[in-house]
Amino acid sequence: MRLPRSAAGWTIAVFGVLALVMGAVGLLWPEALLRMLGFEVPATRAAGDHTGTFLTASSMASFNMGVYYLLATATEWRPFYRFTVVFRLVTFTVFGIAVLADVAPGRFLGVAAWEGLGAVATVVGLWWDERRAGSAAGGGGSVLSAGAAPAPDAAH
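Sequential numbering from 4 applies to the sequence shown in the working numbering.
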């Protein structure tokens, strides 16, 4: 697989690798993932406790999401980059509210922060890429516009 060709691509690639790795950890060593997120890991679980089922499902989703992000990076799929910004900000909000409402432990705020900072990093990357492309072409554009010019491909 080729390296990202833009600043925004690097932000998506980093998130993709981490989502893939965290998904794999959750599938292979679920207790470690629970501890990292600040959740209690009891020696035994009560009948009807479906924590393992939920963790398997969310870990598989994380693993798959990592693959999607890396595919978007490999193809420099910029509309996907812009799409992720909106939904990572939504995720930041929902996770932050979950901590504030005592639905999730305080350490889970780190997950919310990661999502929010990732969204901001991608917006900055998109802005930077458009600025570079605008300087090269003598024009400009909007970071969130659907027809934004792609970043120059210096990898060739």
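Here a beta-carbon is modelled for each residue, glycine too, at the ideal position from N, C-alpha and C. Computed from a predicted model, the values in this text were never measured in an experiment.
Could you name the residues of the same chain whose beta carbon sits closer than 8 Å to that of residue i, not counting the 5 residues immediately before and after it, in chain order?
i    : result
Thr3 : Summary: the structure shown does not reach residue 3, with the chain confined to residues 4 through 159, and so no result is reported for it.
Given this structure, state the Cα-to-Cα distance separating residue i from residue j, to the nearest angstrom.
i     : j      : result
Pro33 : Ala139 : 48 Å
Ala27 : Ala64  : 10 Å
Gly29 : Arg85  : 28 Å
Arg48 : Val20  : 31 Å
Asn67 : Gly137 : 34 Å
Taking 7 Å as the limit between beta carbons, can you name the residues of its chain near residue i, skipping five residues before and five after?
i     : result
Gly41 : Pro108, Gly109, Arg110, Phe111
Gly55 : Pro33
Leaving out five residues on either side along the sequence, give the residues of the same chain with a beta carbon under 6 Å from the beta carbon of residue i.
i     : result
Ser62 : Gly26, Gly29, Leu30
Arg91 : Glu118, Gly121, Ala122
Leu37 : Val44
Would you mind giving the Cβ-Cβ distance between residue i and residue j, rounded to the nearest angstrom? I have them listed as a contact below 8 Å.
i    : j      : result
Ser9 : Asp132 : 5 Å
Residue i: which of the options sits nearest, CA to CA?
i      : options                     : result
Phe98  : Thr87, Gly113, Val88        : Gly113
Leu120 : Phe57, Tyr72, Leu103, Val89 : Val89
Thr125 : Arg81, Val102, Thr47        : Arg81
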